[in-house]
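Data block below; observations after.
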Amino acid sequence: MTTILILLIAGVLGGVLLGLLGVGMALVAVPALVFSLPLLGVPAAQAPLVALATSMGIVTIGSLSAVTAHHRMGNVDWALFRRIVPFSLIGLLAGSALVTVLPPMALRVIFAAFLVFIAARMLRGCKPSPGAGSARHDRLAGAAIGTAGALIGAGGGVFMVPYLSARGVSMVRAVASSAAIGLPVTVLGFVFHALRPLEGIAAPMLGSVHLPALIGLGLGGVIGAPFGARLAARLPGDALKKGFAVLLLVLAAALALGL
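Numbered per our numbering, the sequence shown spans residues 2 to 260.
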């Protein structure tokens, strides 16, 4: 019971980050799961894989809650969603194929450096690039971000939010629209893991997904995400940018260290 309560609290924290910045749920969920799953009937050797699979379901639940809350406040740009999502999914498929042939550590270091570059630009408050925002740029960015997200095993929001911000979209709408754009990807990932069974685990499972952990963290995400979305609507855009930049630096450090 104590372990599930810890997961619930972690879910609330991750949900707040997801609603506030459009990313962060997996950053909280995966370490919490790796620590907790051995206490919930998962062998330690299988805990990282189950954590990643379960995290995909948790991010799906949290994203649904965050997108619903942002939609009610009118923050989601659905025209952008329709334009970018098909190309983001194509990029995801391409990245999933490439990840098997490219050296993972080299990719992590390259993307870590890129995230530091993006964070530095956001902290400096760079203005939107001239000519940004064309339909062609959106489609290319969607494909590139989908590919990058698959290559490093991170949500595309770490790249999508900065892209939309540089495009001239207000920070709150960038966060909300990025969460919506990333939702189909997380749903597909969750379905994939739910259909891939694991043996030798004495716990309630849906494929590779640990159901009690999914419910505990997912419920926390449902509680936290709307609060984060409301907070995002109230905070100044510059404060959101700086908070997002700090989160990018944390993710860059985790990537570089192979965490």
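Idealized CB from N, CA, C, for every residue including glycine.
Handout entry: Cβ-Cβ distance between Ile-263 and Leu-249 below 9 Å
Key = Any answer about residue 263 is impossible in this case: the structure gives the chain only from 2 up to 260.
Practice task
Please go through the same chain and pick out, in chain order, the residues whose beta-carbon is closer than 6 Å to the beta-carbon of Ala-253, but skip the five residues on each side of it.
Solution key: In chain order, Ala-113, Leu-116 and Val-117 place their CB closer than 6 Å to the CB of Ala-253, counting only its own chain and leaving out the 5 sequence neighbours on each side.
Problem - Residue closest to Arg-174, alpha-carbon to alpha-carbon, out of Ile-111, Asp-78 and Val-188 - result: Of all alpha-carbon atoms in Ile-111, Asp-78 and Val-188, the one lying nearest the alpha-carbon of Arg-174 is that of Asp-78.
Problem - Alpha carbon of Leu-61 to alpha carbon of Ile-182, nearest angstrom - result: In the sequence as presented, Leu is not what sits at residue 61; that position holds Thr. So the two alpha carbons sit approximately 12 Å from each other.
Problem - Closer than 8 Å: Ala-167 CB and nearest the ligand MG heavy atom - result: The ligand content of the structure shown is nil, which means the ligand MG is not present either.
Handout entry: Selected residue, minimal CA-CA separation from Ile-270, among Gly-25, Val-17, Gly-157 and Ala-30
Key = The requested residue 270 does not occur in the structure, where the chain is confined to residues 2 to 260.
Problem - Contact set for Gly-63: own chain, Cβ-Cβ below 6 Å, skip 5 residues either direction - result: Here the set comprises Gly-16, Leu-19, Met-26, Gly-222 and Ala-226.
Exercise for the section: Give the secondary structure of Met-206 by DSSP, where H, G and I count as helix, E and B as strand, and everything else as coil. Expected result: Note: Met-206 maps to strand in three-state DSSP.
Practice task
Confirm, please, whether the CB-CB distance from Asn-76 to Ser-178 is below 9 Å.
Solution key: Yes, they are a contact pair.
Exercise for the section: Within its chain, find whatever has a CB closer than 6 Å to the CB of Ala-142; leave out the 5 residues flanking it on each side and keep chain order. Expected result: So the list reads Tyr-164, once near-sequence residues are dropped.
Handout entry: Rounded separation between Ala-240 and Leu-40 - CA only
Key = Cα to Cα, the separation comes out at about 38 Å.
Problem - Continuous alpha helix (DSSP H) stretch holding Ala-233: start and end - result: Looking at the DSSP string, the run of the alpha helix (DSSP H) that includes Ala-233 is 212 to 235.
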